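Taking it in order: structure first as structure tokens, then the write-up.
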Amino acid sequence: MFRTFRTVKLLRRFMGFSQLGPLNAEGDAMSRKSLEKYSGQRNKEKRELFGPYQLRVIEDLYKRRFFEHFGNRCFKCGMLEKARQEIGAPPNLCMDHHLPMALGGHLAPGNLVSLCRKCNGLKLDRDPADFYTQEELERLQPLLDSQKRLFAFSFDWDQWTHDRETYLLAVGVDQDVVHAALHDEDFVGYVGKEEKQIGITITIDDALLQQILDNRPQ
Ligand SMILES: [Zn+2]
Numbered sequence: 126m127f128r129t130f131r132t133v134k135l136l137r138r139f140m141g142f143s144q145l146g147p148l149n150a151e152g153d154a155m156s157r158k159s160l161e162k163y164s165g166q167r168n169k170e171k172r173e174l175f176g177p178y179q180l181r182v183i184e185d186l187y188k189r190r191f192f193e194h195f196g197n198r199c200f201k202c203g204m205l206e207k208a209r210q211e212i213g214a215p216p217n218l219c220m221d222h223h224l225p226m227a228l229g230g231h232l233a234p235g236n237l238v239s240l241c242r243k244c245n246g247l248k249l250d251r252d253p254a255d256f257y258t259q260e261e262l263e264r265l266q267p268l269l270d271s272q273k274r275l276f277a278f279s280f281d282w283d284q285w286t287h288d289r290e291t292y293l294l295a296v297g298v299d300q301d302v303v304h305a306a307l308h309d310e311d312f313v314g315y316v317g318k319e320e321k322q323i324g325i326t327i328t329i330d331d332a333l334l335q336q337i338l339d340n341r342p343q
């Protein structure tokens with residue numbers, strides 16, 4: 126019963142996200158093909174960028190640090206991210222590819238800019254030089270240059286195995302988030318306090334075993 130309820134919640138969460146940006150099925154074959162090509166690359170680079178964090182709560186911490194790096198603002202228009210966004214609504218700020226994928230850019234530290242969805246929609250595949258003023262480009266450069274250090278992280282499995290709570294706090298995850306990750310099964314970044322037991326135990330009593338042996342085909 127509980128599991129079913131949880132599954133429904135997870136499904137809702139998944140569906141909430143899937144509604145954000147459906148591909149336009151009416152798009153022409155060429156652009157759809159190109160969209161598919163870049164979606165593969167984007168997924169691969171996403172895994173490379175966020176994979177090292179291992180846990181959702183650490184990944185989210187580093188994403189938050191990225192936006193803080195930009196003062197939680199859109200670099201282009203200065204729009205401030207709302208402190209509290211509506212549940213299920215996508216965040217207003219996104220990580221924009223400074224040099225777009227279409228021009229050979231990657232989803233990687235040194236090429237990421239905090240933009241609001243509106244400015245991101247205006248920029249699309251444009252070359253940075255066509256979108257930003259010279260003054261903006263100069264102001265942006267140090268924010269790009271410092272990103273390698275900003276994203277640097279190496280997961281310490283020994284520390285994690287030794288004491289999950291202490292490790293997450295040491296990494297910099299907020300106390301209430303750590304608590305939810307360890308104790309709240311409905312939390313999106315839930316990992317639990319201990320290693321989950323994987324596997325099942327089967328018990329068969331002697332009488333049943335005898336019955337099975339007696340009935341096996343000759
Ligand atoms: Zn903006």
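For the sequence shown, my numbering gives the first residue as 126, with consecutive numbering after it. For glycine and all other residues, C-beta sits at the position ideal for the given N, C-alpha and C. This structure is a prediction, so every number in the text was calculated from the model and none was measured.
Distance from the C-beta of lysine 273 to the nearest heavy atom of ligand 1 is not below 8 Å. Cβ atoms of lysine 273 and proline 234 come within 8 Å of each other, at about 5 Å. Under the three-state reduction of DSSP, cysteine 241 is assigned to strand. The beta carbon of lysine 171 sits closer than 8 Å to those of Leu232, all from its chain and outside the five residues before and after it, given in chain order.
Residue burial annotation: proline 267 is exposed, with fewer than 16 other C-beta atoms found within 10 angstroms of its C-beta.
Judged by DSSP secondary structure, leucine 224 falls outside any beta strand (DSSP E); it is assigned neither H nor E.
The beta carbon of leucine 338 sits closer than 8 Å to none of the beta carbons in its chain outside the five residues before and after it.
The segment 277 to 286 and the segment 306 to 315 do not touch, with fewer than 3 CB-CB distances between them shorter than 8 Å.
Contact annotation: valine 298 and leucine 174 have beta-carbon atoms that are not nearer than 9 Å. Here leucine 333 carries a helix assignment [DSSP, helix/strand/coil]. Inter-residue distance for arginine 264 and alanine 295 is about 32 Å (C-alpha atoms, whole angstroms).
The three-state reading of DSSP puts arginine 251 in coil, since its state is none of H, G, I, E or B. Shortest gap from the CB of lysine 171 to any heavy atom of ligand 1: 8 Å or more.
Cβ atoms of leucine 228 and cysteine 199 stay farther apart than 8 Å, at about 21 Å.
Burial state of isoleucine 329 is exposed, judged by a 10 Å Cβ sphere holding fewer than 16 other Cβ atoms.
With 16 or more other Cβ atoms from the protein chains shown falling within 10 Å of its own Cβ, aspartate 221 counts as buried. Counting along the chain, leucine 232 sits inside no alpha helix (DSSP H), nor does DSSP assign it H or E at all. Annotation for leucine 293: Val303 place their beta carbon closer than 6 Å to its own, counting only its chain and skipping 5 residues before and after.
DSSP lists Leu205 as the beta-bridge partner residues of arginine 198.
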